[in-house]
Every structure is written in structure tokens, then in C-alpha cells.
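J.: Before anything else, here's the structure in question.
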Amino acid sequence: MSTGASIKAFEEAQQLIPGGVNSPVRAFKSVGGTPIFITEGEGAYLTDVDGNKYVDFVQSWGPLIFGHRDESIEAAVIEAVKHGLSFGAPTVAETELAKLVVSFFDSVDKVRFVSSGTEAVMSAIRLARGFTGKDDIVKFTGCYHGHSDSLLVEAGSGAVTFGNPSSPGVPADFTKHTLLATYNDIESVKKCFADSSDIACIIIEPIAGNMGLVPADKEFLAELRKICDANGALLIFDEVMSGFRGSLHGAESITGTSPDIITLGKVIGGGMPVGAFGARAEIMSQLSPDGPVYQAGTLSGNPVAMAAGYAALSKLQKNGQIMSVLNARALRLVEGMKAAATECGITMQIDTRGSMFGFFFNEKPVKNFADACNSDAELFAKFHSGMLDEGFYFACSLYETGFISTAVTDEMIENTIQASAKVFKAITNG
Ligand code: HOZ
0 MSTGASIKAF EEAQQLIPGG VNSPVRAFKS VGGTPIFITE GEGAYLTDVD GNKYVDFVQS
60 WGPLIFGHRD ESIEAAVIEA VKHGLSFGAP TVAETELAKL VVSFFDSVDK VRFVSSGTEA
120 VMSAIRLARG FTGKDDIVKF TGCYHGHSDS LLVEAGSGAV TFGNPSSPGV PADFTKHTLL
180 ATYNDIESVK KCFADSSDIA CIIIEPIAGN MGLVPADKEF LAELRKICDA NGALLIFDEV
240 MSGFRGSLHG AESITGTSPD IITLGKVIGG GMPVGAFGAR AEIMSQLSPD GPVYQAGTLS
300 GNPVAMAAGY AALSKLQKNG QIMSVLNARA LRLVEGMKAA ATECGITMQI DTRGSMFGFF
360 FNEKPVKNFA DACNSDAELF AKFHSGMLDE GFYFACSLYE TGFISTAVTD EMIENTIQAS
420 AKVFKAITNG
């Protein structure tokens, strides 16, 4: 496989853009090699500047549940563009998307749109603090909630990929209100509440996707709900990644635990930059201009982004069976890869939720961040590079999640499994 054009493009990009990328994980640093530069996506495939074609299991890190260039999303965007790119004034499209989003979630009466997941979570935290009148927050090590100051503490995703789960540039004063607990460990949460009577909220990815895929136990989430209720704190489910991916109706629909606030992103924008946070009316009424908690954005509710989001979500709503089809494919993929790995004496831990899949090269089950960090990173890097050579594009960090789109066929899944068998053999013989 020739990658000369990608190598050249990366060299040029590095002269002008830090690390050559506009979001760190993309740099391939933890897996080695050069990031491939993309020219085009079509259905399940990506094409790079050298003309190589890959089955895409990243899908822009989650948004593209219908694959690249979905006809109805593309048509909706083109139609919206014809009427103007941005107005900075209300449009009916915002209310239409809000109605659709609210219809998916039992716990959401009102929603506000922003332009990214980071913004959604940052605003949700402010809202929780404003609503409760308290300052501290509890977050879990390995969960990633975007790159705002108070949340960039022991974070997953790109932060941990580069060994900086807490970033320089964030004053200690800004993070002193962030209390850390261990995912799936209720005692660690109880300790936070024993240490502080000023906790505004617990924020959690109920299906963590930023330390690899690590779903929270149902019982654990139920306990979080109880602790929040007993202490006058709010429970925030960060579903920027898992929203419309793990389940169509949020983690609450598959775990039985309802959050007070939910944050969304990725799929909700159909590939355009959209984030959102929503809650019951009592909480949302604290938000400006109804209430005192300030939050704003020039491009919030952008008409083109709203059109893309509406097209994506309405297609999901009309195709309720999609999630089980995607889950069956996700499961077949990781089970097939695991069987191929086992044949070569490699132990893999696997899991899926809806259209999300995860795998670790790890002897033991992964329940939290420390477990995830005990995975074999070197083996992951070899696997990633081998699969890329075979034409399969996986997330370039073991601390990320894989995604299946509706454009990925059963045949592509079988081909991926066969390729993984070849790659595992090459790795173990070499
Ligand atoms: N933090 C994102 C995934 N969890 C990566 C975003 C990107 O690099 O595009």
C-alpha cells in the first residue's frame, strides 16, 4: 500500500498546524506511522490522497451512523444552504429539531443546541451548579467530557492517548472543585460525598467510550441516582458519544436509571457541528434568558447544522429496528475478531452497545480506567497498522470506540474478521 501522498501532506501540515492535526488523536502518535489524509467518504468507505480505500469503523468518531454521504442528510444540507448559512436569529428548524430530540428521551422536556460536545458539557455543568447552588462536581477517571478546564482532569480519549490525562495550562484553582471517582466503584463515589457537602453533580459517560468501550454496570448507575437524590445533587449523563449510538432512547432506556441532565453531540448533528444539553423544564428554566445561568453562541442552532441533524434523527426515528441490526453486526465483528485472536494465543476482551464496539488486548475484563490502561498498547498498535494495510480503518487509539454504520454490510464484517485473522497470524509469527 502506498502512502507517499499522505506522508507529504502530513509533513506540510506539521509546518503550519501543531502536530499536523486539529484534534490530537488524529496524529496516529500512539499507533505509529503517518495519519492518512482523506479525500472522500462514500457509504462505508474512505478514500485517501494516495487512492487507497478503507472500510471506515471510525465514522468521524461517531456522527455518521448512516455512513458517508447519506442521501437524505446530504439533500437536507444542500437545501438549507440555499437559504443562507447563518442568521444569528431564531429559525423554525431549531424548534423542529428540539421537538424531535425531546421525543427520544423520557427525562428531557427542553433542549438547547450548541456547536460541540465540549460546549454542551461545559454548559450542563454550569447549569447544574446554578440549579443546585453548589460548586463541586464528581467525575470518573478515564471518562472524557471535552476539553474545558474543569473537566480535563484524569480524562480519557486524546488526553490519555498522549499520557496527559490532566493538562498543563489548567490552573489548579480551576480544578479544585473536580472530585475524582473510579468508574463502576460506588465506594469511591461515596467517599467524594463524605469529603464534600458541596457537590452539584455527578457527571458520567453511562456508556464510556473514551477509555475504549466500558459500559457502566446497571446497579452502579442506580446507586449513583440514589446518592444524588439523597444529597441534592444532579446526575448528568454525558451521551455525546453514546447518544443515538448505544440506544435510540439514551442509556436510561437500557439501564433503567434516568439522569437529570443529558448532553449530546455527534449523531445529533448528522455530521455537522452540533451539541446539545437537555433536562426537565424545572432545570432548563434556570438557563438565560428564562433564568440567571448564562450560556450563548453565535453559531448555536445554525440552520445548516439543524437541517443535517433533523434529517439524521428523523431517519433514525423511522427505522426503529436499525439499532438491533447494527448491534448484531457489531457483535459478530468483535466475536469474530476475538475467535481469530484466540487461535493465535491472543486474549481479547470485547463488548458492544448498539452500534458501538470495543476491544482490549487484555487478560482480564475491563471495568474501569486502570483496567483499560493495563491493556497491551504495543499489540494494539501492530493490530491497527496491520488492519490499515488490509484496508480497514479503526480508531487510532486503544482509548476510543469503534462504530458500525448502516452502510457496513455483513460481507464487509466477514472480510474484516478474515483480515484480522491474517493480521494476528502475522503479528504472532513475526
Ligand atoms: N476526542 C474525540 C474522540 N473521542 C476525537 C475527535 C477527533 O479527533 O476528531
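In terms of numbering that gives the first Met the number 0, the sequence shown opens at residue 0 and continues consecutively.
Virtual Cβ for every residue (Gly too), placed ideally from N, Cα, C.
Starting from Arg352, trace the beta strand (DSSP E) both ways and give me its first and last residue.
T.: Unbroken beta strand (DSSP E) run through Arg352: Met347 to Arg352.
J.: Under the DSSP definition of a beta bridge, which residues are partnered with Pro214?
T.: According to DSSP, which records beta bridges pairwise, Pro214 is partnered with Ile206.
J.: Do you know how far the Cα of Val273 is from the Cα of Asn51?
T.: Rounded to the nearest angstrom, the two C-alpha atoms are 30 Å apart.
J.: For Arg352 versus Pro258, is the C-beta spacing smaller than 8 Å?
T.: No. Outside cutoff.
J.: Taking just the CA atoms, how far does Gly145 sit from Asp289?
T.: So the alpha carbons of these two residues sit roughly 26 Å apart.
J.: When the Cβ atoms of the segment 95–106 are set against those of the segment 306–322, are three or more pairs found closer than 8 Å?
T.: They touch, by the three-pair rule.
J.: Tell me, to the nearest whole angstrom, how far the beta carbon of Tyr392 is from that of Asp55; I am working on the premise that it is less than 8 Å.
T.: Right, the Cβ-Cβ distance comes to about 5 Å (below 8 Å), so this counts as a contact.
J.: Of all Cβ atoms in chain D, is any one closer than 8 Å to the Cβ of Val110?
T.: The structure shown contains no chain D; it is built from a single protein chain.
J.: Comparing the CB of Gly157 with every heavy atom of ligand 1, is any distance shorter than 7 Å?
T.: Yes, ligand 1 has a heavy atom inside 7 Å of this Cβ.
J.: Check whether the Cβ atoms of Ala43 and Ile136 lie closer than 8 Å to each other.
T.: No, the pair does not count as a contact, with Cβ atoms beyond the cut-off.
J.: Which value, in whole angstroms, describes the spacing of the CA atoms of Val101 and Val239?
T.: Between Val101 and Val239, the C-alpha separation is close to 15 Å.
J.: Using a threshold of 7 Å, is the CB atom of Arg434 nearer than that to any non-hydrogen atom of ligand 1?
T.: With the chain covering only 0 through 429, there is no way to say anything about residue 434.
J.: State buried or exposed for Ser156, treating a residue as buried only when at least 16 other CB atoms are found within 10 Å of its CB.
T.: With 16 or more other Cβ atoms within 10 Å, it is buried.
J.: Please classify Asn209 as buried or exposed, where buried requires at least 16 other C-beta atoms within 10 Å of its C-beta.
T.: Looking at its Cβ environment, which holds 16 or more other Cβ atoms inside 10 Å, Asn209 is buried.
J.: Would you report the Cα separation of Pro80 and Ser59, rounded to the nearest angstrom?
T.: Inspection of the sequence shows that residue 80 is occupied by Val rather than by Pro. If you take the alpha carbons of Val80 and Ser59, they lie about 22 Å apart.
J.: Which one of Ala123, Ser71, Lys337 and Asp350 has the shortest CA to CA distance from Glu413?
T.: Ranking the options by Cα distance to Glu413, first place goes to Lys337.
J.: Would the beta-carbon of Gly245 fall within 8 Å of that of Ile261?
T.: No. Outside cutoff.
J.: Buried or exposed for Leu387, going by 16 or more other Cβ atoms inside 10 Å?
T.: Its Cβ being crowded by 16 or more others within 10 Å, Leu387 is buried.
J.: With a 10 Å radius around its C-beta and 16 neighbouring C-beta atoms as the bar for buried, classify Val91 as buried or exposed.
T.: Result: exposed.
J.: If Ser384 sits next to Gly31, beta carbons under 8 Å apart, how far is it from one beta carbon to the other, in whole angstroms?
T.: Sure, about 7 Å apart at Cβ, within 8 Å.
J.: Cβ of Cys372 within 8 Å of Cβ of Phe27?
T.: Cβ distance not < 8 Å, so Cys372 and Phe27 don't count as in contact.
J.: Identify whether Ser396 lies in helix, strand or coil by the three-state DSSP scheme.
T.: Ser396 falls in the coil class under three-state DSSP.
J.: For Ser5 versus Thr38, is the C-beta distance shorter than 8 Å?
T.: Not in contact: Ser5 and Thr38 (Cβ atoms no closer than 8 Å).
J.: When burial is assigned at 16 or more other CB atoms within 10 Å of the CB, is Lys317 buried or exposed?
T.: Counting Cβ neighbours within 10 Å, Lys317 comes out exposed, since fewer than 16 surround it.
J.: May I ask you to list the residues that DSSP assigns as paired with Tyr44?
T.: In the DSSP output, where bridge partners are listed per residue, Tyr44 has Glu41 and Val54.
J.: Ala339 and Ile403 look like a contact to me (Cβ under 8 Å); what is the Cβ gap, rounded to whole Å?
T.: With a Cβ gap of about 18 Å, Ala339 and Ile403 do not count as contacting.
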